[in-house]
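First residue of the sequence shown? That's 1 in UniProt numbering, and the numbers climb one at a time after it.
Every residue, glycine too, gets a C-beta built ideally from N, C-alpha and C.
Because the structure is a prediction, the values reported are computed rather than measured.
Quick notes on the structure that follows.
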Amino acid sequence: MSGNWSAGWCRTSCGRWPERLAAGQRRSLAALKRKITGLAAEWGDTDYSVMAALSRICDSIDEADEQLRYVPEEKDLIRENDDI
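Rendered as C-alpha coordinates:
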(Lines of atoms letter the chains of each structure in order from A and count residues from 1; the text may use other names and numbers.)
(Lines give C-alpha, C1' and ligand atoms only; values in the text may rest on other atoms or scores of the structure.)
Protein backbone atom coordinates (compact mmCIF):
# COMPACT_ATOMS: atom_id res chain seq x y z
CA MET A 1 0.00 0.00 0.00
CA SER A 2 1.23 3.46 -0.74
CA GLY A 3 1.23 6.30 1.76
CA ASN A 4 -1.18 8.22 -0.47
CA TRP A 5 -3.78 5.49 -0.20
CA SER A 6 -3.69 5.45 3.59
CA ALA A 7 -3.81 9.25 3.78
CA GLY A 8 -6.79 9.33 1.41
CA TRP A 9 -8.55 6.62 3.36
CA CYS A 10 -7.98 8.45 6.59
CA ARG A 11 -9.34 11.72 5.20
CA THR A 12 -12.60 10.08 4.24
CA SER A 13 -12.92 7.53 7.03
CA CYS A 14 -11.32 9.13 10.07
CA GLY A 15 -12.89 12.34 11.22
CA ARG A 16 -9.79 13.24 13.17
CA TRP A 17 -7.04 12.86 10.53
CA PRO A 18 -5.55 16.37 10.96
CA GLU A 19 -5.30 15.80 14.70
CA ARG A 20 -3.58 12.46 14.20
CA LEU A 21 -1.22 13.92 11.62
CA ALA A 22 -0.35 16.81 13.93
CA ALA A 23 0.18 14.47 16.89
CA GLY A 24 2.48 12.22 14.89
CA GLN A 25 4.49 15.13 13.60
CA ARG A 26 4.77 16.60 17.09
CA ARG A 27 6.21 13.28 18.31
CA SER A 28 8.69 13.30 15.42
CA LEU A 29 9.70 16.86 16.21
CA ALA A 30 10.24 15.93 19.87
CA ALA A 31 12.55 13.09 18.81
CA LEU A 32 14.48 15.44 16.51
CA LYS A 33 14.81 17.98 19.29
CA ARG A 34 16.22 15.35 21.67
CA LYS A 35 18.78 14.36 19.02
CA ILE A 36 19.76 17.94 18.22
CA THR A 37 19.99 18.83 21.91
CA GLY A 38 22.43 15.95 22.35
CA LEU A 39 24.47 17.15 19.38
CA ALA A 40 24.55 20.68 20.81
CA ALA A 41 25.76 19.35 24.16
CA GLU A 42 28.62 17.53 22.41
CA TRP A 43 29.72 20.80 20.80
CA GLY A 44 29.28 22.88 23.97
CA ASP A 45 32.91 22.71 25.09
CA THR A 46 34.41 22.69 21.60
CA ASP A 47 32.68 25.25 19.41
CA TYR A 48 30.13 27.64 20.85
CA SER A 49 28.93 28.85 17.43
CA VAL A 50 27.95 25.31 16.39
CA MET A 51 26.20 24.77 19.72
CA ALA A 52 24.34 28.07 19.31
CA ALA A 53 23.26 27.16 15.76
CA LEU A 54 21.93 23.81 16.95
CA SER A 55 20.13 25.56 19.81
CA ARG A 56 18.44 27.87 17.29
CA ILE A 57 17.23 24.79 15.42
CA CYS A 58 15.71 23.54 18.68
CA ASP A 59 13.97 26.91 19.08
CA SER A 60 12.53 26.53 15.57
CA ILE A 61 11.31 23.05 16.45
CA ASP A 62 9.56 24.51 19.50
CA GLU A 63 7.84 27.09 17.27
CA ALA A 64 6.67 24.40 14.85
CA ASP A 65 5.41 22.28 17.74
CA GLU A 66 3.43 25.23 19.07
CA GLN A 67 1.81 25.77 15.66
CA LEU A 68 0.89 22.09 15.40
CA ARG A 69 -0.93 22.32 18.74
CA TYR A 70 -3.52 24.57 17.13
CA VAL A 71 -4.36 22.35 14.16
CA PRO A 72 -7.31 20.61 15.88
CA GLU A 73 -8.66 23.87 17.29
CA GLU A 74 -8.54 25.59 13.90
CA LYS A 75 -10.37 22.68 12.28
CA ASP A 76 -13.10 22.91 14.92
CA LEU A 77 -13.43 26.65 14.28
CA ILE A 78 -13.79 26.05 10.55
CA ARG A 79 -16.52 23.49 11.21
CA GLU A 80 -18.36 25.90 13.51
CA ASN A 81 -18.19 28.71 10.95
CA ASP A 82 -19.41 26.42 8.17
CA ASP A 83 -22.44 25.45 10.25
CA ILE A 84 -23.51 29.06 10.74
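Between the CA atoms of residue j and residue i - distance to the nearest angstrom
{"i": "K35", "j": "D82", "result": "41 angstroms"}
{"i": "Q67", "j": "Q25", "result": "11 angstroms"}
{"i": "P18", "j": "R69", "result": "11 angstroms"}
{"i": "S60", "j": "S28", "result": "14 angstroms"}
{"i": "G44", "j": "A52", "result": "9 angstroms"}
{"i": "residue 161", "j": "E80", "result": "The question about residue 161 has no answer here: the residues shown for the chain are numbered 1 through 84."}
{"i": "L54", "j": "I78", "result": "36 angstroms"}
{"i": "A41", "j": "A23", "result": "27 angstroms"}
{"i": "Y48", "j": "A30", "result": "23 angstroms"}
Selection from the options that minimises the alpha carbon distance to residue i
{"i": "L32", "options": "R69, A64 and E80", "result": "A64"}
{"i": "R56", "options": "L39, V71 and T46", "result": "L39"}
{"i": "L21", "options": "E80, V50, V71 and L54", "result": "V71"}
Residue i (DSSP reduced to helix, strand or coil)
{"i": "G38", "result": "helix"}
{"i": "G44", "result": "coil"}
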